[in-house]
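Here's the structure, in C-alpha cells; my notes come after.
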Amino acid sequence: MEALAKAAGDAEFGRYVRDRLRQWMDAKNPSDDKVNLVIEICVGPWGIQQPTLALTRLGKAAGHKTFGSATVVNAFRQLALQRPDDVRKAVDQWLTDAESRPADKTLRRQTLGSFLALVSSDEGTDLILNNRRDTEARLRIIHAWQKLLSTNDAVDAVVTQLSRWHERFQEDPNRREAVVDVLADIFAPPSLRPGLDRLMVTDEAAILPFWREALVLAANRYQASKEASTP
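Residues in the sequence shown are numbered consecutively from -9, following our numbering.
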C-alpha cells in the first residue's frame, strides 16, 4: 500500500498507477482487498495532495462496499477534515450527474454510497447542512436521502444515521429548526413516511417530539403542494 501510495504521486509513474487504481474500481466485482487498498491510498498523503483525483477513485470504491461501511465512512471523514471544499464540490457534482443520468445504476450506487458515507460523520453532516441554503444543492440533498430511503439494502444504514441526527440535533438550539426543516422536505412524500415508524416511537411507545414535529411539517408541506397543483 505504501509503495502504491507513493507511486500514485510520482511524476514519472504516477499516471500509470492512478489509471490502474481507477481500472480496478471500474471492474464489475473487484476483490474486497483491492477496494480496501484503493480506499487507503485515497485517504493517504497522495489523497490529501490530489483530492480531486483521489475522490474520483474513492467514489467508485464506495459503490463496491455495503451502505454505511465503516471503512468508507472513515475515508470520507478524513478527507472532509483535510479537504472539505473539495469533498463538498465532488459529492455535489456526483449528485448532479446522478440526477441527469437516472438510468446509470452504477453511478447511482456509487453516489448514494458516497453521500451516505459522508453524512455518517459529524464533519460530513456539517458539510452537507452548510450547503442547504443553496436551493439547487438543497434539492439534490433531499433527493439523495429520498433515494436512499427507497433503496432496500440501504434502509438500515439510513435509519441509523437519521437516529444519530436526532441524538445530535434534538437539543441543539441553533440547528434543530434547520434540521427539522430539511427532514420535513425529505419525508414530504407519503410513500416514505412508513420509514418514520422506526424513528418516531420509543420502546415505551412514546412518540419523540423531534420526529413528530418533522412529520407534521412534512404532511403540511405535502398538502400545500397538492393544493397548489390542483387546477
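No residue lacks a Cβ here, since even glycine has one placed at the ideal position from N, Cα and C.
With DSSP collapsed to three states, give me the class of residue i.
i: V191; result: strand
What residues in its chain sit with their C-beta under 7 Å from that of residue i, if we drop five residues either side in the sequence?
i: A144; result: F57, L102, L106 and L138
i: F3; result: A(-3)
i: R98; result: A88
i: G53; result: T96, R99, Q100 and G103
i: M(-9); result: L27, E30 and I31
i: R67; result: S111, E113 and G114
i: E203; result: V170
i: A147; result: F57, G58 and L106
Would residue i and residue j be called neighbours here (beta carbons separated by less than 9 Å)?
i: W201; j: I176; result: no
i: R12; j: I31; result: no
i: S110; j: V63; result: yes
i: Y212; j: P180; result: yes
i: L205; j: V169; result: no
i: L43; j: R10; result: no
i: L182; j: S215; result: no
i: A174; j: L152; result: no
Give the C-beta separation of residue i and residue j to the nearest angstrom, bearing in mind that I take them to be a contact with Cβ-Cβ under 8 Å.
i: L69; j: G37; result: 6 Å
i: A51; j: V28; result: 5 Å
i: V25; j: K55; result: 6 Å
i: P41; j: D76; result: 4 Å
i: P74; j: L117; result: 6 Å
Closer than 8 Å by C-beta to residue i: which residues in its own chain qualify, once you throw out the five before and the five after it? Chain order, please.
i: P198; result: The residue asked about is misnamed: residue 198 is Leu in this sequence, not Pro. Correct list, in chain order: H156, Q160, L189, M190, V191 and T192.
i: N121; result: R78, D82, A127, R128 and I131
i: P20; result: W14 and H54
i: L(-6); result: V7, L11, L27 and I31
i: L71; result: E113
i: T61; result: N26, I29 and K55
Tell me which residues share the same chain as residue i and place their Cβ nearer than 6 Å to its Cβ, disregarding the 5 neighbours each side in the sequence.
i: V149; result: R188
i: G185; result: L139
i: R165; result: F159
i: A178; result: A208, R211 and Y212
i: R5; result: none
Kindly indicate if chain D contains any beta-carbon less than 9 Å away from that of residue i.
i: D9; result: Absent here is chain D; the protein component of the structure consists of one chain.
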